[in-house]
Amino acid sequence: MSWTRIAAMTRKEVLQIGRDPRSLLIILVIPLVQLFIFGYAVNLDVKHVPLCIYDRDGTQTSQDLLKHFQATDYFDVVRVSDNYPDVVRNIDHGVCSVAVVVPPQLAESLHSSGQASVQAILDASDSNTASIGMGYAQAIVQSYSAEIQISWQQKQGLAAGAPIVTFQPRTWFNEDLESMANFVPGVVAMVMAVVGAFLTSLTIAREWERGTMEQLISTPVGKLEIQIGKLLPYFVIGITDTAICAGAAVWWFGVPFRGSWMVLFACSMLFLIVVLSLGYFISVTAKSQLGACQMALLVTFLPTFLLSGFIFPIDQMPVVVQWITAVLPARYYVSILRNVFLKGAAVRLLVGDISALAASAVVLVLLATRSFQKRLG
Amino acid sequence: MRIRESIERIRQMLKKEFIQTLRDPHTRWFLFGPALIQMVVFGYAATMEIKHVSLAVLDQDNTQESRELISRFSASPYFRIEKYVTERDDLREGIDRGDFLLAVEIDSGFAQRLRNDQGASVQVIVDSSNSNTALVALGYLNQVGASFAHAYQIDRMRRIAPQLVSFAPQVDLEARPWFNEGLRSEWYFVPGVLGNLMLILIMNLTAFAVVREREIGTLEQVMVTPIRRWEFILGKTIPFFLIGSFDAVLLALVGTLWFGVPLRGHIAVLAIGVMVFQLAALGLGLLLSTMAKTQQQSMITAFFFTMPMTSLSGFGTPISSMPLFFQKLSYFNPLRHVVLILRSIFLKGVGLDVLWPNMLVMAAFALLTLSVSILRFRKSLE
């Protein structure tokens with residue numbers, strides 16, 4: 381091990397990165413773009429569901445009921461139909477996701493038998509919006525039903541109590557239920573995984589492909605020195621990206637930060653070691669930039685996006701998929717970040733996640749070091 | 002005569018491309034393996050449904066009423082009672098540790114207040130570090146509360162005035178989810194995953210296409226041959242188009258046979274939609290390829306485009322919840338259109354009469370990117 385040789389290796393890599401300022405700029409801008417999109421554009425809350433109404437009753441009662449649908453911002457009434465084929469067409473063409481059809485004689489059957497039902501047609505090709513929209517519609521009809529029941533009871537001379545059970549929820553950790561606070565850890569993890577594994581996956585493959593590997597092999601530099609020297613610049617880029625992400629999240633988007641910056645950066649470095657080694661390992665095995673890139677995509681971008689618990693909650697996945705997420709370092713990192721940002725949790729609550737991350741770091745560093753042989757062919 | 006020569010040159014170029022792409026067993030596997038694995042795993046993983054919210058209960062009232070309320074939680078398919086605790090501190094500690102998502106605390110005097118018609122309130126703590134799950138859980142909570150209240154009221158009426166019970170007016174909602182009757186989220190996500198995988202595969206392959214030759218230095222060799230530029234571009238893109246088509250068929254088969262997603266529309270419309278989308282993705286990839294000097298640059302730029310395209314495609318989050326500006330912006334995103342087309346053909350079974358505007362946008366996108374990249378390619382060589 382010689383520090384001079386490592387420094388020389390690093391210098392070469394830095395020069396190479398510096399020759400391509402466009403890529404460097406993009407790498408530093410990507411986290412901001414992602415944060416911007418998740419901060420301003422993407423929203424998991426289902427609101428303003430486009431609604432079509434078709435009132436076949438046309439009485440005061442049916443109008444009252446439909447007013448309840450118009451009054452919330454869960455639904456936007458985009459069409460008022462006056463025949464059934466029109467309703468079907470609106471759903472087919474995606475003009476509306478939900479159609480509420482009031483049957484004829486709603487008022488009359490309520491009056492005579494006390495029972496009536498309203499139909500809701502849902503475009504369930506988007507099952508998420510459909511099931512949430514169904515919940516909203518159900519709640520609206522339920523509250524309407526409760527209202528008329530109470531006024532009926534009062535008319536009958538039965539004392540009607542107030543709504544009798546109310547839940548008083550207190551939301552902890554993310555009091556305003558901001559989805560941004562929910563996304564930030566995921567965005568940070570995604571950016572780090574990509575910058576780490578994605579970029580490094582090309583460094584060794586590039587040398588093989590361009591034929592400069594032979595030159596590198598003929599120098600006295602050792603394989604561990606190559607590894608450290610090559611990864612160091614990317615480590616710095618990764619940490620810079622983390623700082624940009626976290627800083628923008630806290631100071632621009634107002635995401636609460638309750639834990640310690642120390643823990644954040646220590647864990648981020650650990651995670652960077654994981655992804656850098658992973659990228660290095662891929663790079664050594666793939667030998668072509670195309671292959672390395674495809675492999676890096678396979679193991680970083682989509683898994684971090686879909687399997688880390690960033691958007692889709694892990695405990696709701698099928699058990700087999702939950703096992704798969706257990707070997708995904710990003711999962712632990714996302715969990716740590718969420719704790720550090722929102723819960724400000726003490727380190728003792730993070731021991732499990734941190735040790736899982738450390739274990740994967742050890743495995744991957746070993747794998748990366750052993751995989752590279754300093755010889756041709 | 003000239004056309005025949007042209008075809009012959011393209012044929013030779015294709016031969017070279019196929020040999021180059023399929024020579025390496027690694028690459029051969031990369032063309033199909035990852036997409037298949039991802040399709041299966043992500044088909045299962047991507048679910049927005051929140052079933053079984055974990056819950057802890059502290060019952061300090063211990064009456065028939067409080068137990069009735071708790072039994073409504075245990076009977077609900079949406080909740081799973083993780084723990085019955087006896088100490089308040091256990092609730093807080095468990096929420097901190099993340100053992101459960103929801104802590105329900107019924108104070109003593111709950112039943113008494115109900116009987117006196119005073120209305121009883123129940124304290125609930127929700128771990129909202131995942132704001133979406135928390136919101137959904139709060140919705141379920143209110144449903145349990147409403148159904149408990151309703152049952153309690155009917156029960157009381159039965160005691161005071163049994164003859165009136167059946168006349169109490171009541172309106173129900175009869176929900177009919179069309180196209181996906183079981184509200185299965187795989188049916189919703191699988192077509193979207195297909196679109197995303199196609200984008201990533203094709204864009205990455207093409208983004209590498211030209212720049213690879215340039216980086217290795219073989220582009221000059223190709224250029225001294227009599228091949229024309231547009232022939233070269235065709236020779237570069239046709240293989241990826243074919244590989245993409247093969248992958249699309251494979252993924253569609255996994256979707257229908259493995260996940261049981263119905264194909265209700267016409268298969269020809271599906272084929273047209275996927276092919277037009279492939280052209281759009283090819284065009285974008287090619288454009289990036291002509292603008293880049295190295296493969297790394299090309300790949301980073303491709304990634305720079307892929308992430309926002311995925312986020313703004315309506316694949317995971319509803320477009321109708323985005324601010325108006327981004328809704329408009331997403332019209333320029335071919336991925337948004339293909340996700341909609343795939344869902345509509347698979348689940349709704351609609352045809353070209355509904356989907357033609359989306360097809361048109363994708364076709365325009367393909368035309369624009371492809372022609373710009375041919376022009377740029379010309380320039381970049383001179």
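Residue numbers (the working numbering), protein chains in the order written: chain A, 381 to 757; chain B, 2 to 383.
All residues carry an ideal CB built from backbone N, CA and C; glycine is no exception.
CB residue i to CB residue j, shorter than 8 Å?
| i | j | result |
| --- | --- | --- |
| B/Phe-241 | B/Ile-203 | yes |
| B/Phe-28 | A/Gly-671 | One detail in the question is off: residue 28 of chain B reads as Thr in this sequence, not Phe. Contact: yes. |
| B/Arg-185 | A/Ser-511 | no |
| A/Ser-505 | B/Tyr-332 | no |
| A/Ser-559 | B/Asn-117 | no |
| A/Leu-415 | B/Phe-43 | no |
| A/Ala-710 | A/Pro-683 | yes |
| A/Ile-407 | B/Ile-301 | yes |
| B/Ala-176 | A/Leu-502 | yes |
| B/Phe-233 | B/Met-14 | yes |
| B/Val-54 | B/Trp-259 | no |
| A/Val-394 | A/Pro-613 | yes |
| B/Phe-316 | B/Val-277 | no |
| A/Val-482 | A/Asp-453 | no |
| B/Asn-197 | B/Thr-311 | yes |
| A/Val-700 | A/Cys-625 | no |
| B/His-338 | B/Val-362 | yes |
| A/Ser-668 | A/Glu-589 | yes |
| B/Ile-107 | B/Asp-128 | no |
Closer than 8 Å, CB to CB, is residue i near chain B or not?
| i | result |
| --- | --- |
| A/Gly-515 | yes |
| A/Val-325 | What the structure shows of chain A is the stretch from 381 to 757, and residue 325 of chain A is not part of that stretch, so it cannot be assessed. |
| A/His-448 | no |
| A/Cys-673 | yes |
| A/Gln-534 | no |
| A/Arg-711 | no |
Would you identify the three-state DSSP class for residue i, choosing helix, strand or coil?
| i | result |
| --- | --- |
| A/Leu-678 | helix |
| B/Tyr-45 | helix |
| A/Gln-499 | strand |
| A/Leu-670 | helix |
| B/Ile-301 | helix |
| A/Ile-691 | coil |
| B/Gln-124 | strand |
| B/Leu-361 | helix |
| A/Val-457 | strand |
| A/Phe-651 | helix |
| A/Gln-766 | This structure gives no information on residue 766 of chain A, because the portion of chain A shown stretches from 381 to 757. |
| B/Tyr-79 | coil |
| A/Lys-427 | coil |
| B/Leu-59 | strand |
| A/Ala-479 | strand |
| B/Pro-178 | strand |
| A/Pro-484 | coil |
| B/Glu-383 | Confidence in B/Glu-383 is poor, its pLDDT being 48 and thus under 50, which makes the residue's placement too unreliable to answer from. |
| B/Pro-192 | helix |
For chain A, is any of its Cβ atoms less than 8 Å away from the one on residue i?
| i | result |
| --- | --- |
| B/Phe-327 | yes |
| B/Glu-383 | Any answer about B/Glu-383 is weak, because its pLDDT of 48 lies below 50 and its placement is not dependable; what the coordinates show is given next. No, its Cβ sits nowhere closer than 8 Å to a Cβ of chain A. |
| B/Trp-188 | yes |
| B/Trp-179 | yes |
| B/Phe-209 | yes |
| B/Gln-296 | yes |
| B/Ser-109 | no |
| B/Pro-358 | no |
| B/Arg-1 | Chain B is shown from 2 up to 383; residue 1 of chain B falls before or after that span and cannot be answered. |
| B/Ser-374 | no |
Note down, in chain order, every chain D residue with its Cβ under 9 Å from the Cβ of residue i.
| i | result |
| --- | --- |
| B/Tyr-332 | Reference to chain D is not applicable here, since the protein chains of this structure are A and B. |
Taking Cβ-Cβ distances below 7 Å as the criterion, which residues of the segment 478-510 of chain A are in contact with chain B?
-> Leu-490, Gly-494, Gln-495, Ala-496, Ser-497, Val-498, Gln-499, Ala-500, Ile-501, Leu-502, Asp-503, Ala-504, Ser-505, Asp-506, Ser-507, Asn-508, Thr-509, Ala-510
Touching by the beta-carbon criterion (3+ pairs, under 8 Å), the segment 316-330 of chain B and the segment 210-219 of chain B | no
Three or more C-beta pairs below 8 Å linking the segment 648-664 of chain A and the segment 572-584 of chain A = yes
Is the segment 707-723 of chain A touching the segment 75-85 of chain B, taking contact as three or more C-beta pairs under 8 Å?
-> no
Answer yes if the segment 399-415 of chain A comes into contact with the segment 427-435 of chain A, meaning at least three C-beta pairs across the two stretches below 8 Å, and no otherwise.
-> no
Residues in the segment 420-434 of chain A with C-beta within 8 Å of chain B's C-beta atoms, listed in sequence order?
-> Tyr-420, Ala-421, Val-422, Asn-423, Leu-424, Asp-425, Val-426, Lys-427, His-428, Val-429, Pro-430
Residues in the segment 545-569 of chain A with C-beta within 8 Å of chain B's C-beta atoms, listed in sequence order?
-> Val-545, Thr-546, Phe-547, Gln-548, Pro-549, Arg-550, Thr-551, Trp-552, Phe-553, Asn-554, Glu-555, Leu-557, Glu-558, Ser-559, Ala-561, Asn-562
Residues of the segment 21-50 of chain B whose Cβ lies closer than 7 Å to any Cβ of chain A, in chain order = Asp-25, His-27, Thr-28, Phe-31, Pro-35, Gln-39, Val-42, Phe-43, Tyr-45, Ala-46, Ala-47, Thr-48, Met-49, Glu-50
Just by C-beta distance, which residues in the segment 609-623 of chain A are closer than 9 Å to chain B?
-> none
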